[in-house]
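>
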Amino acid sequence: MSTIAFIGLGNMGLPMASNLEKAGHSVIGFDTVAEAMEKAGDAGIEGASSIGEAVKDADVIVTMLPNGSIVLKVFEEIIAAAKSGTVIIDSSTIDVASAKIAHEMASKAGLLPIDAPVSGGVGGAQGGTLTFMCGGSDEAFAKAKPYLEIMGGKIVHCGEGGAGQAAKICNNMLLGISMIGTCEAFALAEKLGLSQQAAFDVISTSSGSCWSVNTYCPVPGIGPKSPSDNGYKPGFAADLMLKDLNLSQQAAAEAHQATPMGAHAASLYKRFVEEGGNGKDFSGIIEFLKTAAGESE
Ligand code: NAD
Numbered sequence: 002m003s004t005i006a007f008i009g010l011g012n013m014g015l016p017m018a019s020n021l022e023k024a025g026h027s028v029i030g031f032d033t034v035a036e037a038m039e040k041a042g043d044a045g046i047e048g049a050s051s052i053g054e055a056v057k058d059a060d061v062i063v064t065m066l067p068n069g070s071i072v073l074k075v076f077e078e079i080i081a082a083a084k085s086g087t088v089i090i091d092s093s094t095i096d097v098a099s100a101k102i103a104h105e106m107a108s109k110a111g112l113l114p115i116d117a118p119v120s121g122g123v124g125g126a127q128g129g130t131l132t133f134m135c136g137g138s139d140e141a142f143a144k145a146k147p148y149l150e151i152m153g154g155k156i157v158h159c160g161e162g163g164a165g166q167a168a169k170i171c172n173n174m175l176l177g178i179s180m181i182g183t184c185e186a187f188a189l190a191e192k193l194g195l196s197q198q199a200a201f202d203v204i205s206t207s208s209g210s211c212w213s214v215n216t217y218c219p220v221p222g223i224g225p226k227s228p229s230d231n232g233y234k235p236g237f238a239a240d241l242m243l244k245d246l247n248l249s250q251q252a253a254a255e256a257h258q259a260t261p262m263g264a265h266a267a268s269l270y271k272r273f274v275e276e277g278g279n280g281k282d283f284s285g286i287i288e289f290l291k292t293a294a295g296e297s298e
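In my numbering, each residue carries its 1-based index in the sequence shown increased by 1.
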C-alpha cells in the first residue's frame with residue numbers, strides 16, 4: 002500500500018483518486034475549491050489543508066489540473082515539500098513547452114516525473130479505463146505504471162519528458178480535423194439526396210472510414226450509439242476539443258511545423274463554441290456546419 006497525494010479533484014481527478022483509494026492505497030487529496038474538497042470527503046478521500054501537507058509523506062503524487070501555468074505553479078509547491086525519489090505523474094492536458102519545464106524542475110529536485118495525459122473522458126476516469134500517454138524516463142515510467150494501471154486500461158510509454166503531451170495533441174488535432182471532414186461528408190450527402198444510412202454503409206467500409214465515422218458518427222441513428230443519439234450531450238465536450246486544438250497550434254508554432262488543417266479546425270471549433278456549441282459534444286459541430294454560419298466559412 003502506498004501513500005498517494007492527489008492534487009486537482011475535479012471532474013476527472015476525483016474519480017481517478019477514488020479508484021486509487023478503492024485499490025487499497027491511502028489517498029490524500031487537495032483542491033483549491035471548497036466544493037471539490039467536500040465531494041472528495043464524501044467519496045472517502047482524506048483532505049489536506051495545503052499542497053505541502055498533501056505531498057510531504059507521499060510515495061506518489063498525481064496532478065490533474067486545468068492548464069500549464071497552474072501545473073508549473075503547483076509543481077513549485079510540490080517540489081518545496083516532497084521527498085526525493087517520489088514519482089510525480091501529471092495527467093493534466095497542457096502545452097508541450099510547460100510539460101518539458103515541469104520535467105526539468107522536478108528532475109532537478111530529485112523527483113521522478115511523468116507527463117501522462119489521458120483520453121477516455123469522465124466515463125473512462127470513473128471506470129478506470131483511461132488511456133495514458135506517457136513521457137519520462139524508463140525508471141519513472143516503471144515506477145508510475147502500477148498506479149496508472151489502476152486508473153487506466155491502456156498505458157503507452159511514448160518517450161522522454163513531454164512525449165505524452167505531444168502524442169495527445171497530435172492525436173486530438175487529427176481527431177478534430179477528421180470529425181469536421183466526417184460532418185462535411187454527411188452534410189453534403191444529405192444535400193445530394195443520398196440517405197445518411199447509405200452514406201454510412203459506403204464510407205464506413207471504404208477508404209473514408211475513420212473513428213469519427215465508424216465509432217462516433219455525428220449523425221443520429223447511424224452506426225454505434227454515440228453522443229449524436231443523445232442530443233450531443235458530451236462525450237468529449239467541444240470546448241475541450243478547442244483547448245486541445247489550441248495546444249496543437251501552440252506546439253506547431255513553436256516547432257515551426259505548418260498544420261493548415263489543424264489551424265482551420267481550431268478556428269471552426271472556436272466559432273462553434275462561441276456560437277452555441279459550448280457544453281455540447283464535439284461531434285455537434287455538424288449542426289453548426291449545416292447552418293449559414295458554417296456555410297460562410
Ligand atoms: P476540472 O476543472 O473539473 O478540474 C480541475 C480541478 O483543478 C478543479 O477542481 C480546480 O479547482 C482544481 N485546481 C485548479 N487550480 C488548482 C491548484 N492550484 N491547486 C489545486 N487544485 C487546483 O477539469 P477536468 O475536467 O477534471 O480536467 C482536468 C484535466 O484533464 C484538464 O487538463 C483537461 O484538459 C484534462 N482532460 C479532461 C477530460 C474531460 O473529459 N473532462 C478528458 C481528457 C483530459
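We put the beta carbon where it would ideally sit given N, CA and C, even for glycine.
From a predicted model like this one, the values you see are computed outputs, not experimental measurements.
Starting from Ile178, trace the alpha helix (DSSP H) both ways and give me its first and last residue.
Taken as a continuous stretch (DSSP letters only), the alpha helix (DSSP H) holding Ile178 covers Ala164 to Lys192.
> Quick one: using the 10 Å Cβ neighbour count with 16 as the cut-off for buried, is Leu195 buried or exposed?
exposed
> Quick one: what does DSSP say Phe237 is sitting in, helix, strand or coil?
coil
> Along the chain, where does the alpha helix (DSSP H) containing Lys291 start, and where does it finish?
Ile286 to Lys291
> Specify whether the stretch 258 to 267 and the stretch 99 to 116 touch according to this definition: at least 3 beta carbon pairs, one from each stretch, less than 8 Å apart.
no
> Assign Asn341 to buried or exposed, taking buried as 16 or more other Cβ atoms, counted over all protein chains shown, within 10 Å of its Cβ.
Residue 341 lies beyond the stretch modelled for the chain, which goes from 2 to 298, so this question has no answer here.
> Mind pulling the alpha helix (DSSP H) runs of 4 or more residues that sit fully within the stretch 15 to 54?
35 to 43
> Considering only heavy atoms of the ligand NAD, does any lie closer than 8 Å to the CB of Leu241?
Under cutoff, so the answer is yes.
> Indicate the three-state DSSP secondary structure (helix, strand or coil) for Ala117 in the structure shown.
coil
> Any beta carbon from chain D within less than 9 Å of Asp282's own beta carbon?
No chain D is present in this structure, which holds just one protein chain.
> Can you tell me the Cβ-Cβ gap for Gly9 and Leu73, rounded? I've got them flagged as a contact below 8 Å.
Contact flag wrong, Cβ pair sits at about 14 Å.
> Please find out if some non-hydrogen atom of the ligand NAD comes closer than 8 Å to the beta-carbon of Asp58.
no
> Does Ser99 pass the burial test, meaning 16 or more other C-beta atoms within 10 Å, or should it be called exposed?
buried
> Roughly how many angstroms separate the alpha carbons of Ile79 and Ile52, rounded to a whole number?
If you draw a straight line from the Cα of Ile79 to the Cα of Ile52, it is about 6 Å long.
> Among residues of its own chain, excluding the 5 on either side of Phe76, which ones have a beta-carbon nearer than 7 Å to its beta-carbon?
Ala103, Met106 and Ala107
> For Met152, count neighbouring Cβ atoms within 10 angstroms of its own Cβ and tell me buried if that reaches 16, exposed if not.
buried
> Just curious, the alpha helix (DSSP H) that His104 is in, first and last residue?
From DSSP, the alpha helix (DSSP H) with His104 extends over Val97 to Lys109.
> Can you name the residues that DSSP bridges to Lys155?
Looking at the DSSP output, Lys155 bridges to Thr132.
> Run the proximity test for Val28: is its beta-carbon closer than 8 Å to any non-hydrogen atom belonging to the ligand NAD?
no
> Would you report the Cα separation of Met17 and Gly165, rounded to the nearest angstrom?
18 Å
> Just the C-alpha distance for Tyr217 and Leu176, rounded to the nearest angstrom, thanks.
11 Å
> Using alpha carbons as the reference points, say which of Ala141, Ala126 and Ile95 lies closest to Leu112.
Ala141
> At a cut-off of 8 Å, would you count Gly222 as near the ligand NAD, judging by its Cβ distance to the nearest heavy atom?
no
> Pull up the distance between the alpha-carbon of Thr183 and that of Ala190, whole angstroms please.
Looking at the two C-alpha atoms, the distance is approximately 11 Å.
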